[in-house]
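Participant: Once you've had a glance at the structure underneath, I'll fire off some questions.
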Amino acid sequence: MKLQGQHILLRAIEPSDIDVLYKWENDTETWNVSNTQTPYSRFVLEQYIASAHQDIYSVKQLRLIICDKENNAIGSIDLFDFEPNHLRAGVGILIADKSDRKKGHASEALSLLMEYCFLSLNLHQLYCNITIDNEPSILLFQKHGFQITGMKKQWIRDGEKFKDELLLQRIR
């Protein structure tokens with residue numbers, strides 16, 4: 016199965032991605048959606064990249080880099096909490112630079128990942144967690160057949176306030 020669409024390509028992480036991963040992982044603007052609270056060192060990211068080749072069945076996660084037509088890394092798409100017994104996994108998407116957003120890249124990446132998950136990994140369902148105020152992400156996942164199946168009240172702390180988080184699922 017080829018993880019290439021009309022405008023983007025999903026590929027494995029390469030050692031040359033260290034600079035872009037360092038930038039993305041240490042961008043405090045995205046920490047709320049990634050449940051990150053502390054910066055990542057280059058050393059930790061280098062170790063992660065060195066082990067990124069491991070099988071999803073062993074490490075229960077997979078990160079792919081989203082590249083545009085010119086092969087520039089513009090984001091990543093992740094499978095996490097992979098449960099082969101229950102045939103499910105969580106999905107997260109990042110289009111890092113705001114100038115690359117709203118161009119259909121995340122939608123195309125999600126389509127490719129869903130095809131891979133349902134046909135190659137034979138998953139029964141995918142899910143994601145999105146704060147209630149992240150309307151673009153909610154609409155993206157709903158466009159791909161994900162349905163809101165629950166809400167976690169005051170789940171994510173954002174400064175002095177708390178946000179509700181939605182659970183969306185796509186069952187094959």
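Each residue of the sequence shown is one higher than the last, beginning at 16 in this note's numbering.
C-beta atoms are modelled at their ideal positions from N, C-alpha and C, and glycine is treated no differently.
(1) Kindly indicate which three-state DSSP category I171 falls into: helix, strand or coil?
(2) Please confirm whether L128 and L94 have their CB atoms less than 9 Å apart.
(3) Using three-state DSSP, classify S56 as helix, strand or coil.
(4) The alpha helix (DSSP H) that contains F156, what's its start and end?
(5) Which class does F161 belong to by DSSP, given the choice of helix, strand or coil?
(6) With a floor of 3 residues, list each beta strand (DSSP E) that falls wholly inside the segment 80 to 145, ordered by position along the chain.
(7) Once you ignore the five residues that flank R185 on each side, which residues in its own chain have a CB closer than 8 Å to its CB?
(8) Assuming I110 contacts G90 under a Cβ cut-off of 8 Å, what Cβ separation, rounded to an integer in Å, is found between them?
(9) According to DSSP, is A65 part of a helix, a strand, or is it coil?
(10) What is the DSSP secondary structure of L36, reduced to helix, strand or coil?
(11) Roughly how many angstroms separate the alpha carbons of W170 and T146, rounded to a whole number?
Facilitator: Straight from the coordinates:
(1) Residue numbering aside, residue 171 sits at position 156 when the sequence shown is read from its first letter. I171 sits in a strand when the DSSP states are folded into three classes.
(2) Numbered from 1 along the sequence shown, position 113 holds the residue referred to as residue 128. Numbered from 1 along the sequence shown, position 79 holds the residue referred to as residue 94. Against a cut-off of 9 Å, the Cβ pair of L94 and L128 comes out as a contact.
(3) Within the sequence shown, residue 56 is the residue found at index 41, counting from 1. Three-state DSSP puts S56 in coil, outside helix and strand.
(4) For the purposes of this step, residue 156 is taken as residue 141 along the sequence shown, with counting starting at 1. Unbroken alpha helix (DSSP H) run through F156: E150 to K158.
(5) Counting from 1 along the sequence shown, the entry for residue 161 is found at position 146. In this structure, F161 counts as coil in the three-state DSSP scheme.
(6) For the beta strand (DSSP E) assignment, the uninterrupted runs of no fewer than 3 residues enclosed by the segment 80 to 145 are, from N- to C-terminal side, 88 to 98 and 103 to 110.
(7) Sequence index remark: in the sequence shown, residue 185 carries index 170 (1-based). Excluding sequence neighbours, R185 sits near M129, Q140, L141, Y142, F156, H159, G160, F161 and Q162.
(8) Working through the sequence shown from its first residue, we reach residue 110 at position 95. Working through the sequence shown from its first residue, we reach residue 90 at position 75. Going by Cβ atoms, the distance from I110 to G90 rounds to 4 Å, so yes, they are a contact pair.
(9) Within the sequence shown, numbered from 1, the residue matching residue 65 stands at position 50. Helix at A65.
(10) Locating residue 36 in the sequence shown gives position 21, counting from the first residue. Secondary structure of L36 (DSSP, three-state): helix.
(11) Residue mapping note: residue 170 aligns to position 155 of the sequence shown, counting from 1. Residue mapping note: residue 146 aligns to position 131 of the sequence shown, counting from 1. Taking the straight line from one Cα to the other gives about 9 Å.
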